[in-house]
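Throughout the sequence shown, residue numbering follows my numbering, covering 0 to 255 in sequence.
Read the structure below first, then the notes.
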Amino acid sequence: MKIVETHCHLDYLKSLPLEEILNQAKAQGVEKIVTISVEPDNLDSVIQLAETHPQIYCTQGIHPHDASKITEEALLKIESRVKHPKVVAIGEIGLDFHYNLSVKDVQLKNFERQLQIAHNNNLPVVIHTRDADEDTIAILKNFEGLLPRKGVLHSFTSTLKLAEYALSEGFVLGFNGIITFPKAEDVRDVLRATPVTQILFETDAPFLTPVPHRGKENGPQYLPFVVKKIAELKQIDEAELCRQVWDTTHRLFKFN
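Right, here's the structure in full:
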């Protein structure tokens, strides 16, 4: 079974040497990995990882936690790299009103500014949204018809209302180790309601390590535990699930 790890932070992994992590992931069927930028300081590091490893791809974008750090220079850097052969999306962008590490107005403004970059360059987006469902829907409605390649709402933990809106608009949802957590029945309910053709696999490593490896640093090598749980919840053969999600992932990211 071939798998794509669609969302992790390889430059944040510390428990093992990168080459060992990549070898372990390959042994588990992880053929491609998308490493995600989240702050001005790692826009460069994800590009460097993608340029030096054929199986690694990356994004360019700044997380809502760091929205207050976004400068015109950072936005110009992101836009200057949209044609890079290893850049597959704009992200991780969005809204996070749970921690509010950047003030709300700054988050809203910079979410829209980065969506505009995606629109200008016909790229999909990788969206982070937490405790911000209504504002996320409102902003995405402003871009209806302007993001033909749509994108993914990653690490989905929001309401069924947001899921239904996103799915109806052609977005896909990313699921990770959270679906294995005992108290995450609400996330499992959203997964059950999501068509297999609108699911992506991810780990969000080094965070959200799936059961049975809680307490360890997460990594792409643990992605099969996510796949197994999704197959169980969707009542589908793992091989067929992987085939459909592989096709969805490639339609979205158009890997070179």
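Even for Gly, the Cβ is constructed at its ideal location relative to N, Cα and C.
In this text, all values refer to a predicted model and were calculated from it rather than measured experimentally.
*Counterpart residues of ASP171 in DSSP-defined beta bridges*: The residue you asked about is not Asp; residue 171 is Val in the sequence shown. Answer is VAL151.
*asked:* What residue range does the beta strand (DSSP E) around THR34 cover?
replied: Boundaries of the beta strand (DSSP E) around THR34: 29-34.
*So, do the segment 215-228 and the segment 8-16 have three or more beta carbon pairs nearer to each other than 8 Å?*
Touching, per the Cβ criterion.
*Which of the three DSSP states, helix, strand or coil, is assigned to GLN220?*
Secondary structure at GLN220: helix, using DSSP grouped into helix, strand and coil.
*asked:* Using 9 Å as the threshold, is the C-beta distance between THR186 and PHE155 below it?
replied: Position check: residue 186 holds Val in this sequence, whereas Thr was assumed. At a Cβ-Cβ threshold of 9 Å, VAL186 and PHE155 count as neighbours.
_What does DSSP give as the partner residue(s) for ALA88 in the beta ladder?_
Its beta-bridge partners are THR58.
*Exposed or buried, what is VAL102 when buried is set at 16 or more other beta-carbons lying within 10 Å of its beta-carbon?*
Classification of VAL102: exposed, given that the 10 Å Cβ count is below 16.
*When the Cα of ILE61 is compared with those of GLY93, LYS160, LYS228, which residue comes out closest?*
Checked all of GLY93, LYS160, LYS228; the closest Cα to ILE61 is GLY93.
*Distance, GLU168 Cα to GLY144 Cα*: Rounded to whole angstroms, GLY144 to GLU168 spans 9 Å at the Cα level.
*Within the same chain, show all residues whose beta-carbon is closer than 8 Å to that of ALA260, passing over the 5 residues directly before and after it, in chain order.*
The requested residue 260 is not part of the displayed model; the chain covers only 0 to 255.
*Could you check how far apart the C-beta atoms of PRO209 and VAL189 are, in whole angstroms? I think they sit under 8 Å.*
Going by Cβ atoms, the distance from PRO209 to VAL189 rounds to 17 Å, so no, they are not a contact pair.
_Buried or exposed by the 16-neighbour rule on C-beta atoms within 10 Å, applied to ASN121_ = Within a 10 Å sphere around the beta-carbon of ASN121 sit fewer than 16 other beta-carbons, which makes this residue exposed.
*With a 10 Å radius around its C-beta and 16 neighbouring C-beta atoms as the bar for buried, classify TYR56 as buried or exposed.*
Burial is judged here by how many other beta carbons sit within 10 angstroms of a residue's own beta carbon; TYR56 has at least 16 and is buried.
*Which residues in the same chain have their Cβ closer than 7 Å to the Cβ of LEU222, if we skip the five residues on either side of it in sequence?*
Around LEU222: ILE2, GLU4, GLN27, VAL29, PHE200, THR202.
*Which residues in the same chain as GLY106 place their Cβ atom closer than 6 Å to its Cβ, once the five residues preceding and following it in sequence are excluded?*
It is Gln, not Gly, that sits at residue 106 in the sequence shown. The beta carbon of GLN106 sits closer than 6 Å to those of PRO63, ALA66, LEU94, all from its chain and outside the five residues before and after it, given in chain order.
*Pick from THR51, TYR98, THR128, VAL33 that is closest to GLN59, judged by C-alpha positions*: Of THR51, TYR98, THR128, VAL33, the smallest CA-CA separation from GLN59 is found for VAL33.
*Might you give, ordered along the chain, the residues of its own chain that have their beta carbon closer than 7 Å to the beta carbon of VAL86, omitting 5 neighbours on each side?*
If we look at VAL86 and ignore the five residues flanking it on each side, its Cβ neighbours are CYS57, THR58, GLN59, ARG80.
*In chain order, which continuous runs of the beta strand (DSSP E) of length 3 or greater are located wholly inside the segment 77-128?*
When DSSP assignments are scanned along the segment 77-128, the uninterrupted stretches of beta strand (DSSP E) that are 3 or more residues long and fall wholly within it turn out to be 86-95.
*Which runs of the beta strand (DSSP E) fall wholly inside the segment 192-242 and span at least 3 residues, in chain order?*
Restricting attention to beta strand (DSSP E) runs no shorter than 3 residues, the segment 192-242 encloses them at 198-200, ordered along the chain.
*Excluding five sequence neighbours on each side, which residues of the same chain lie with their C-beta closer than 8 Å to the C-beta of GLU78?*
Hits under 8 Å: ILE116, ASN119, ASN120.
*Quick one: grab the DSSP three-state call for THR51.*
Annotated three-state conformation of THR51 is helix, per DSSP.
*Going by CA-CA distance only, name the one from SER44, ILE46, GLU72, GLU163 that's closest to THR193.*
Residue GLU163 is the option with its Cα nearest to THR193.
_Option nearest ALA73 by Cα separation, candidates THR51, ASN22, GLU38_ = For ALA73, the nearest C-alpha among the options comes from GLU38.
*With 16 other CB atoms within 10 Å as the buried threshold, where does PRO181 fall?*
Flag for PRO181 reads exposed.
_Member of LYS160, ALA183, HIS153 whose CA lies at the smallest distance from the CA of LEU232_ = Nearest of LYS160, ALA183, HIS153 to LEU232, Cα basis: ALA183.
*Got a sec, what are the start and stop residues for the beta strand (DSSP E) GLU4 sits in?*
Segment 2-7, the beta strand (DSSP E) holding GLU4.
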